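Novice: Take a look at this one; I'll ask things after.
Numbering (the working numbering), first residue to last: 67 to 213.
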C-alpha cells in the first residue's frame, strides 16, 4: 500500500523535531528546575555534567563546548524537521548525531543506557526520513526542493 498522503512522514518529521526541541528546553530550564517531575536536567550546569559523563576524556571547558555544539545542532535539527526545511540533509545529520550519542552512552554508561531511551529509534527515524523522496506539508515541498 502506497502512502500518497504523506501523513506518515509529517508525523515522523514533527515527532523527531520535537524530540530534539524538548530536551533543549529542558536543559535551558524552560520545563522546570532540576529535580522537578519529568525534568532530566533543568539547567545548563546539570546538562554539562551529563555531557562530561558521556565525554570523560574532555575537561570541563571542552565538555561545555561540546554541550553547546550539541544544543545548537539539536535546535537547528528540531526546527528544520518541524518546518520541513532541507529535510533530507537534516534527517541524516540527526541520525548521525543520535548514533554518536547512543554509542557514547553505550561505551561510558553501559550497553543498556541508549536502550532505556529511544536513542537508536531516533537514529533509525532519521535514516528512514532521509530516504523519503517528497516531504508534503513542508518548506521543501512548497519551494520544490527535493534534495
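In this text, a Cβ means the ideal position worked out from N, Cα and C, and glycines have one as well. Remember, it's a predicted structure, so these values are computed and weren't measured experimentally.
(1) So, are the CB atoms of residue 76 and residue 154 less than 8 Å apart?
(2) In or out: residue 113 buried (at least 16 other Cβ within 10 Å) or exposed?
(3) In three-state DSSP terms, what is residue 67?
(4) To the nearest angstrom, report how far apart residue 169 and residue 180 are at their CA atoms.
(5) In this structure, does DSSP put residue 207 in helix, strand or coil?
(6) Residue 135 to residue 177, Cα distance in whole Å?
(7) Measuring straight from C-alpha to C-alpha, what distance separates residue 219 and residue 124?
Specialist: Let's see:
(1) No; because the gap between Cβ atoms is not below 8 Å, this pair is not in contact.
(2) Burial call: buried.
(3) Residue placement at residue 67 is flagged as unreliable, the pLDDT there being 41, under the threshold of 50; a coordinate-derived value is accordingly withheld.
(4) Using only the alpha carbons, I get a separation of about 8 Å.
(5) Assigned with DSSP and collapsed to three states, residue 207 falls in helix.
(6) Cα to Cα, the separation comes out at about 25 Å.
(7) Residue 219 lies beyond the stretch modelled for the chain, which goes from 67 to 213, so this question has no answer here.
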